[in-house]
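Okay, so here's the structure we're looking at.
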Amino acid sequence: MVAGYSRRTFVTILGCSLAAAPVVLALAGCSSNGSSSGDGTASTSSSSSKSASAASSSDSFKLVSAGKLTIGSDLAYPPMEYMDGNEPAGFGVAMMQEVCDRIGLECDFLSPQNFDTLITQVAAGTTMDCAVSSITITDSRLEEVDFSDPYYDSNQAIVVLKDSGITSRDELDGQPVAAQSGSTGEDWVRENLKNSEVTVFTTPAEALASLRTGAVVAVVYDEPVAENNVAGEYDDCEILDVIATGEQYGIAINKDNDALREAIDSALADMKSDGTLDELKKVWIEGSGKAASSDSDGKSSSASSSATDRASSSKD
């Protein structure tokens, strides 16, 4: 299990984009009571009355471990959720650290899980309280778990090798195509490339490795992750097409945990209204973690926003 992960390692310096007044924004620590800041002093952040109410009623949550939100993720999907050395990182991780701070729980990501087991594990309610892994809200998944309100809109992307000679998605039908097991990308391939052999992999990295060896001719998976891949390590690949699926990501929550779902929804609503969610998207998705650097301890220190500090300064 990955131990409770402090948000003090995420610091964003937004000088270039805020020319009028550069602001240093530091994420408050994700402590056991959700109230301490990165330097150990009391947080001065201001949440709405809804979030305060949610935090005060945290004893009504049904949790795997008291006082702690235990979160499952595949942590293999940069820039959304991934492992940065021994620590979880990415947009979804930073978002959940902020949510935990606002509802008064310690933030604890489990060690990486297989994506196609997350819904089953959340439904069982014995190993994790929720799952955050760029999970699209679908009718079939809603039969097993509840979801928070949507927090991110996404599409699917088709990735091919730059020298493949493939110019259209129509050329893929009948050829071997890869996707992540249990994903909406797999669903799309099976529904739209009916003559193709679908090869499923545990992670996109495994699928892209298969693409490089020629075992498959394309990989279908979520657009923000595909964009991150081809702009970085997989620069020998390119996005052939973006499929406008209109998907929405949600936090998967056990159906018997209404109080927790309501508290998470309240925190997400506050984060949308005070600009925190947009700031995290700018840092992690639009910036794709490029502001990451190493601190004096040799650990990665990645850029993030100070949700609560900025919210405090912008509210009456």
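Going by this note's numbering, the letters in the sequence shown line up with residues 1 to 316, in that order. Built from N, CA and C at the ideal position, the CB exists for glycine as well. Here the structure is a predicted model, which is why all the values come from computation and not from measurement.
Close Cβ partners of residue i (< 6 Å) along its chain, the five nearest in sequence each way excluded
i, result
"A42", "Residue placement at A42 is flagged as unreliable, the pLDDT there being 31, under the threshold of 50; a coordinate-derived value is accordingly withheld."
"K290", "Caution applies to K290, whose pLDDT of 40 falls short of 50 and renders its modelled position unreliable; the value that the coordinates give is listed next. So no residue of the chain qualifies."
"N257", "K62"
Neighbourhood of residue i by C-beta distance below 7 Å, restricted to the same chain and skipping five residues each side
i, result
"M128", "V64, T70, I71, G72, L110, Q121 and V122"
"L193", "L172, D173 and V177"
Among the options, nearest to residue i - alpha-carbon criterion
i, options, result
"L75", "L118, E227 and E247", "L118"
"E197", "A66, A179, T203 and T184", "A179"
"V220", "A207, T213, R212 and G232", "A207"
"S231", "L172, K162 and T184", "The identity of residue 231 in the sequence shown is Ala, whereas the question assumes Ser. The shortest C-alpha separation from A231 is found at K162."
"A205", "L260, Y82, E286 and P88", "Y82"
"S323", "V225, N192 and K68", "Outside the shown range of the chain (1 to 316) lies residue 323, about which nothing can therefore be said."
"F91", "P78, I103 and G85", "P78"
"T167", "A218, P112 and G185", "A218"
"S140", "R102, N114 and D187", "D187"
"S181", "D170, R169 and T199", "T199"
Alpha-carbon to alpha-carbon, residue j and residue i
i, j, result
"D236", "G174", "23 Å"
"G165", "Y152", "33 Å"
"P176", "E227", "22 Å"
"V99", "R261", "11 Å"
"V216", "S183", "17 Å"
"S266", "N114", "29 Å"
"G67", "L268", "19 Å"
Cβ shell of residue i (< 8 Å), same chain only, five flanking positions each side left out
i, result
"N155", "D222, E223, V242, I243, A244, T245, G246 and E247"
"G125", "K62, V64, N254, D256 and N257"
Cβ-heavy atom distance, residue i to the ligand GDP, below 7 Å
i, result
"G125", "Absence of the ligand GDP from the depicted structure is noted, as is the absence of any ligand whatsoever, leaving it without description."
Residues that DSSP places opposite residue i in a beta bridge
i, result
"C130", "I71 and I253"
"E87", "D84"
"C237", "L161"
"Y151", "Paired residue(s): none; Y151 is not in a bridge."
"C107", "L69"
"T136", "Y249"
"F201", "Q180"
inquiry  = Three or more C-beta pairs under 8 Å: does that hold for the stretch 267–277 against the stretch 106–119?
reply    = Here the stretch 267–277 does not lie against the stretch 106–119, with fewer than 3 beta-carbon pairs under 8 Å apart.
message = Does the contact criterion of 3 or more C-beta pairs under 8 Å hold for the stretch 249–256 versus the stretch 140–147?
response = Because the criterion of three Cβ pairs below 8 Å is met, the stretch 249–256 and the stretch 140–147 touch.
inquiry  = Does the stretch 81–97 come into contact with the stretch 209–219, if we say contact requires no fewer than three beta-carbon pairs (one atom in each stretch) closer than 8 Å?
reply    = Contact check between the stretch 81–97 and the stretch 209–219: fewer than three CB pairs, one atom from each, fall below 8 Å, which does not count as touching.
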